[in-house]
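The sequence shown begins at -1 in the numbering used here and counts up by one.
The beta-carbon is built from N, C-alpha and C at its ideal position, and this holds for glycine as well.
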Amino acid sequence: MTPAALQQTATTGPTLTVDVTAVTANVRAIRRLTAGEVMAVVKSDGFGHGLADVARAALAGGATRFGVTSLEEAYALRDAGFTQPVLSWLNPVDSDFGGAARAGVEIAVPGDAHLRAVARQAPGARVHLQLDTGMARDGAPPEQWESLCHTARRAERAGFVRVVGVMGHLACAAEPGHPANGRGRELFDWGVRVALGAGLPAAGITALALAGLAVPLPTDAQEGSLRVAAIQGNVPEPGGYDALGEKFQVTRNHVDQTLKLAADVAAGRVPAPDLVVWPENSSDVDPLRDPRAAALLDEAAAAVGVPILVGAVLDGPGEGHVSNAGLIWTTDGFTGDMYVKHRPVPFAEYLPGRDVLEKIITRFATEMPNDFVHGTGPAALPAAGTMIGDVICFEVAYDGNVRASVDDGARLLVVQTNNASFGRNGESQQQLAMTRIRAVEHGRATIQVSTSGQSAIITPDGTVLAQTGLYEPGILSADLPLRTARTLADRVGVIPEAVAVALGLAAMMGGTILGRRRRAGAETTETGATGPGPDHHGRWERTPPTSPRPDGRRSERNGVDHRVVVCVPTYNERENLTRTAHRLREANPTVDLLVIDDNSPDGTGEIADELAREDPRIHVLHRAGKSGLGSAYIAGFSWALRHGYDVIVEMDADGSHQPEQLPRLLTRLDAGADLVIGSRWVPGGQVHNWPRRRLVLSRGANAYVRAALRIPLRDATAGYRAYRAEVLRARDLDKIQSQGYCFQVDLAWTAWRHGFSVAEVPITFVERERGSSKMSRSIIIEAFWRTALWALTSGRSGPAPRPAATPITVPAPAPEPALVAATGPATPQAQPTTSSPSVASTAPGSTATLDTPIQQQRATGDS
């Protein structure tokens, strides 16, 4: 095709859209990704028209860029004065990608497998992925081009190349709205996620519901039957604080209804009951201490002649305490059988933190003067020749409470409740629904009896035989089966809930991990890859960095002339310090040791001073008191930075960190890392002599940190680690507030986010043999809430390039009176082998290079 013919063909439309099957092989055209741009693929046509002639004809026809088949042609266009963008199809095996990128030539490769070669030779180059335009025409499945599009996006997000687009009929971004294209792909993925996120749970719930319908619900009696009468005496007012009226008023109402039941039995209108049940608080005065209340109960029991389960408020035990109880009362009075509510309701039946809250809200002292105690003992009571399970009020909402009564031998369930103060707002109906569920769950006939409604009698399959209304007196009576069989729910107990929680947590963590991979590709701290690119799973790995780091220094290390100091905080470690110091110095003779002692009562500081007098490479920093692990390390870091150390190591004094394994950490630093963590949870890492609870705590804490902060570390809480000095100089150490093992998470996470290289090497962690661990509940709680806060405030963003660091001078801290200072001078940087010891001074008024103590417990450096 001649240049004139090309021009004529090109101007037939708004853009150059010459079909590749309709032109000769010497000139082809293909639409580029960006709308309105046209790329003409040109070469000499063999009819006397050179490359430049064909290129000029393409420009006249509307082309905005060129495509060529070799670098020589690209250079020829440049030499001919063409400044338009040039793209070259290159052979991934022997092409000079680096030279093409330096010449400003864009690169086209035929598939995702070739991105590795491009990224290795020309990181940051503009790359086009070539998609065969015949794929769609030949009926190729969409998975082929869709996988190519996804690979391109992953490569670009991983930062290896800038994928300008995918060329071809089914380009990833050329057709907005197509499932495989840019925003359209995102919308498609979003739709899939919504469908999976909502559809799968809905399907699961539906399947469980259908499976539940298939479970048999037997209602037959296995140990005879029992006629039970439930008494609802009602209250003076429908709702509010004054619903219960005056003393004895509610009790009198229930006595009256019981007398009415006795009259109906005597008249033959209803069968005689075997058991009568009254609701919670039906005796609003303690019948065990007040003879008037006892007389009322005697009157009712004498009338019906059978045991009565009475709900009563009992005084004590002790001043300021009361009990919410169910009592068995017969014609002979209290039988001695009693159930005290196991789960009183906070802020309704007892006041948590009363001493503090009464000072803040003074009306608590008058409106809620007593606390209901937590009951203990069996949840089933003997009555009327059988065992009845007593559940008081909102205990019906707790699986364990109701299950406990069945485990204790209950053949029948009774839910005693007082809903008088709630009014007509649906609370009673909600509680009745819970009671019906419990009847089915445990296969027991159940009676809900309320002071003011709704009371109901329910069969083992959840059927309501009879019920009362709200705020009206009522009597319910029925024969109920006594059952002994244990249902599936009774047998499995909490297992389904535990499994559901575990699956939910696993789904959350899995979603977090998958989301992180989608957004950022695979983020690894140590790879053995020879170059970037997808592995056999389609994941991308970063190569060890060879470009300058964020602070301008190159990552290659020669491992020569590093000055290393090991910081060891101590508090009551006299049994361990000497042995740990000797092991460290024997295994690492060129490494210095800094002991940071928090004025240990057991004399650890004096032992450290003696070690420093014997060994010029041991230094001691005395602090005024116990101020937390984090502040101890910060004091040590500041000391080390002021004295010119290149590498600063954290190590515990108790021997749990093996000094003999320190070279592993230092070797990894020399290989290019900025922070190296001695990890228990990477392959090769081990833990000896830890109880199971510590193993679970450590693994769980690290899983939580990984999921919350998206940090690609297996052991972010570990306390055996080595920092390059520039990592610590990049932090304002005075602003670090974390203590305990979340201090370790703080420093590792921040270093990773600032673009430093963080690596892990396996170590063997051995639990201390002497002394006690400083781990406490407050340290665990601090780590939990601080990690959650960091996740929320950071948006869980990954690492970002950090601006070049400017030199930071670490100032000497302000003097602090009455502290003990390290008086020995540190080793001059030019003479690392002749440092003088740091010996303690106890001179009054001396100053210390310390921060102000904060009174918190210190944990061991590892969680």
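For residue i, three-class secondary structure by DSSP
i    : result
I778 : helix
A671 : coil
F392 : helix
M432 : helix
P479 : strand
M864 : Since the first residue of the chain shown is -1 and the last is 861, residue 864 is not available in this structure.
T602 : helix
Y702 : helix
E104 : strand
V400 : helix
A786 : helix
Y469 : coil
A757 : strand
F345 : coil
A227 : strand
G676 : strand
Cα-Cα separation between residue i and residue j, rounded to whole angstroms
i    : j    : result
L501 : G508 : 10 Å
T466 : A310 : 22 Å
E356 : K339 : 24 Å
Q452 : H252 : 15 Å
L478 : P289 : 34 Å
L69  : S755 : 37 Å
G682 : L711 : 15 Å
A50  : L75  : 7 Å
E658 : A579 : 12 Å
A496 : R401 : 16 Å
F635 : V674 : 16 Å
D668 : V703 : 27 Å
A382 : A706 : 56 Å
G398 : D488 : 10 Å
G318 : P350 : 14 Å
Q429 : L463 : 17 Å
P285 : V492 : 38 Å
V759 : R662 : 7 Å
L480 : Q220 : 6 Å
L468 : I455 : 15 Å
A301 : A260 : 6 Å
I806 : L619 : Annotation note: pLDDT 36 at I806 (below 50); position unreliable, coordinate value reported separately. The alpha-carbon atoms of I806 and L619 are separated by roughly 23 Å.
D600 : A606 : 12 Å
M366 : G460 : 37 Å
R225 : D272 : 5 Å
E584 : D613 : 12 Å
Selection from the options that minimises the alpha carbon distance to residue i
i    : options                : result
L57  : R697, R704, D77, V84   : V84
I390 : R341, V497, G670, L790 : R341
V283 : V304, E317, N322       : N322
T785 : T748, N368, H372       : T748
Q427 : E724, V268, D335, V447 : V447
S677 : V764, D596, A622, D732 : V764
A270 : D296, L295, V304       : V304
G603 : T576, L745, V274       : T576
Y643 : V564, T715, R583       : V564
Counted within 10 angstroms of its Cβ, other Cβ atoms place residue i as buried (16 or more) or exposed
i    : result
S281 : buried
D650 : buried
R484 : exposed
M385 : buried
V213 : exposed
W783 : exposed
I709 : buried
N279 : buried
E724 : buried
I779 : exposed
F370 : buried
T444 : buried
Min CB distance residue i to chain C below 8 Å
i    : result
T715 : Among the chains in the structure shown there is no chain C, since it carries only a single protein chain.
Residue ranges of each beta strand (DSSP E) within the region 315 to 339, 3 or longer = 319 to 328, 331 to 338
Give, in chain order, every unbroken run of the alpha helix (DSSP H) that is at least 4 residues long and sits entirely within the region 253 to 300.
-> none
Whole alpha helix (DSSP H) elements within the region 410 to 456, 4-residue minimum = 425 to 440
Considering only residues of the region 705 to 739, which uninterrupted alpha helix (DSSP H) runs meet the minimum length of 4 residues and lie entirely inside it, listed in chain order?
-> 723 to 727
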